[in-house]
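A short write-up of the structure that comes next.
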Amino acid sequence: MAKTALSLHKKGGAFVLDGVKGSSATLTFERGMRKGTVTVGGRALPIAATGRGRTRVTAAEPAILCLDGQGAFVPGGGAPVEWRTSKPHRGRYQATLVRGSDEIDFSLSRSDGKSVQIAVTGHWDELELLALAGSFALLSRRRGDTYRKIAIAGVVSHGPH
Numbered sequence: 026m027a028k029t030a031l032s033l034h035k036k037g038g039a040f041v042l043d044g045v046k047g048s049s050a051t052l053t054f055e056r057g058m059r060k061g062t063v064t065v066g067g068r069a070l071p072i073a074a075t076g077r078g079r080t081r082v083t084a085a086e087p088a089i090l091c092l093d094g095q096g097a098f099v100p101g102g103g104a105p106v107e108w109r110t111s112k113p114h115r116g117r118y119q120a121t122l123v124r125g126s127d128e129i130d131f132s133l134s135r136s137d138g139k140s141v142q143i144a145v146t147g148h149w150d151e152l153e154l155l156a157l158a159g160s161f162a163l164l165s166r167r168r169g170d171t172y173r174k175i176a177i178a179g180v181v182s183h184g185p186h
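Residue numbering for the sequence shown follows the numbering used here, starting at 26 and increasing by one per position.
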């Protein structure tokens, strides 16, 4: 089974995908990191995180990709896919895209800040798009969690007068 290691890191105002030969795939965010643009092979697609906790991600209009639990779908044929996420633990965000025995694992740690590690097992159509979308999901979710923590801290710190 083919295994590939990819990474997404911040470079200037965009996130750049490394590990795919000849790739120029990028991810840019709008303010708040709930929406953005993925660019693969010169094709720019809108991407958005929706739902409480930013747990559902879609790319393009109409959607050609959706990361949303067992309701996930991605470009290409084959078996159904599932998007599995776990609760953040000690600042580490993790998720896995699964199709049969093929997997793409995503990991974003607090110490690595703005870099997502991606481990690919098996063959995936439009791998760059999938890598950017999964990375977008983790980065957006972390930003949403940060906003939520700030809001809670603000409410708690003001308490009754």
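The beta carbon of each residue, even a glycine, is placed where N, CA and C say it ideally should be.
Since the model is a prediction, treat every value here as computed from it, not as a measurement.
Quick check on the DSSP output: the beta strand (DSSP E) that includes V63 runs from which residue to which? Your numbering for residue 63 matches position 38 in the sequence shown. Unbroken beta strand (DSSP E) run through V63: 60-65.
Which of helix, strand or coil DSSP assigns to E153: Numbered from 1 along the sequence shown, position 128 holds the residue referred to as residue 153. E153 falls in the helix class under three-state DSSP.
Report buried or exposed for S111, applying the criterion of at least 16 other Cβ atoms within 10 angstroms of its Cβ. Looking up residue 111 in the sequence shown gives position 86. The residue is exposed, with fewer than 16 neighbouring Cβ atoms inside 10 Å.
Using DSSP with H/G/I as helix, E/B as strand and the rest coil, what is A104? By one-based count along the sequence shown, residue 104 stands at place 79. Three-state DSSP puts A104 in coil, outside helix and strand.
Does the beta-carbon of G37 have 16 or more other beta-carbons within 10 angstroms, so that it is buried, or is it exposed? In the sequence shown, the residue the question calls residue 37 occupies position 12. It is exposed - the Cβ of G37 has fewer than 16 other Cβ atoms within 10 Å.
Does S165 come out as helix, strand or coil in the three-state DSSP assignment? The residue labelled residue 165 in the question sits at position 140 within the sequence shown. Residue state, collapsed to three classes: helix.
Which same chain residues end up closer than 6 Å to T29 when comparing Cβ atoms and leaving out the 5 residues on each side of it in sequence? Position 4 of the sequence shown holds residue 29. Once the five neighbours on either side are set aside, the close Cβ partners of T29 are V145.
For the segment 67-76 against the segment 115-122, are there 3 or more C-beta pairs whose distance is under 8 Å? no
Could you have a look at S32 and say whether DSSP puts it in helix, strand or coil? Numbered from 1 along the sequence shown, position 7 holds the residue referred to as residue 32. The answer is strand: DSSP assigns S32 an E or B state.
With which residues is V141 paired in a DSSP beta bridge? Counted from its first residue, the sequence shown places residue 141 at position 116. The partner list for V141 (beta bridge, DSSP) reads L33.
So is V159 buried or exposed if we call it buried at 16+ other beta carbons inside 10 Å? Start at 1 with the first residue of the sequence shown, and residue 159 comes out as number 134. The question names Val, yet the displayed sequence has Gly at residue 159. Buried, since its Cβ has 16 or more Cβ neighbours within 10 Å.
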